[in-house]
Amino acid sequence: MTEEQFRRHVRQLAALRGWTLAYHTHNSRRSDAGWPDEVYGHPKAKRTLFIEFKSDTGRIRPEQREWLRHLADCGYEAALWRPKDLALIVKILSPDGPRAELPDNL
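Numbering (full-length UniProt numbering), first residue to last: 1 to 106.
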């Protein structure tokens, strides 16, 4: 599964679970370096997710790591998601699911 296929699949799952706000940077060359791939909002659950998508072997750039850490330090749910994480992602996308968290080694 490519990163783009994975991102689209997760976006569909999010919509099915009531995440009504979805933002995707369509042209990253004109955006600030490292900004996460997607932002989801769930007003009823009062949650906002900032997500960076990677393939199972994709590497995260320093600017991406910096943004994710900054957002998490500010209290937002920020995560790096890979296809191998799909079972956890499905749980997190439940409105009453666990908070998205960054891996300790990020």
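Glycine residues also receive a C-beta, built at the ideal position from the N, C-alpha and C atoms.
Ignore the nearest five residues each way along the sequence and tell me which others in residue i's own chain have a CB closer than 7 Å to its CB.
i          : result
valine 90  : Leu13
proline 98 : Lys91 and Ile92
Look at the alpha carbon of residue i and the alpha carbon of residue j, and state the distance between them as a whole number of angstroms.
i             : j            : result
glutamate 3   : serine 55    : 5 Å
glutamine 5   : arginine 17  : 19 Å
proline 62    : aspartate 73 : 16 Å
tryptophan 35 : glutamine 64 : 6 Å
leucine 93    : leucine 71   : 18 Å
tyrosine 40   : aspartate 85 : 17 Å
Using only alpha-carbon positions, find the residue among the options that is nearest to residue i.
i             : options                       : result
residue 107   : Lys44, Gly18, Pro43 and Trp81 : An answer regarding residue 107 cannot be provided, because it is not within the stretch 1 to 106 covered by the chain.
aspartate 104 : Pro95, Lys84 and Ala78        : Ala78
glycine 75    : Arg47, Lys84, Ile60 and Ala87 : Arg47
alanine 22    : Asp32, Leu86 and Val10        : Val10
Would you identify the three-state DSSP class for residue i, choosing helix, strand or coil?
i             : result
leucine 80    : strand
alanine 22    : strand
glutamate 101 : coil
leucine 93    : coil
leucine 106   : coil
Give the range of the alpha helix (DSSP H) segment to which residue i is assigned.
i             : result
leucine 13    : 3-16
tryptophan 67 : 62-73
Beta strand (DSSP E) containing residue i: first to last residue?
i          : result
leucine 49 : 47-53
glycine 41 : 38-42
Does chain C have any CB closer than 8 Å to the CB of residue i?
i          : result
glycine 58 : No chain C is part of this structure, which consists of one protein chain only.
Report all residues from its chain with a CB closer than 8 Å to the CB of residue i; omit the five preceding and five following residues, and keep chain order.
i          : result
arginine 7 : His24, Asp37, Glu38 and Phe53
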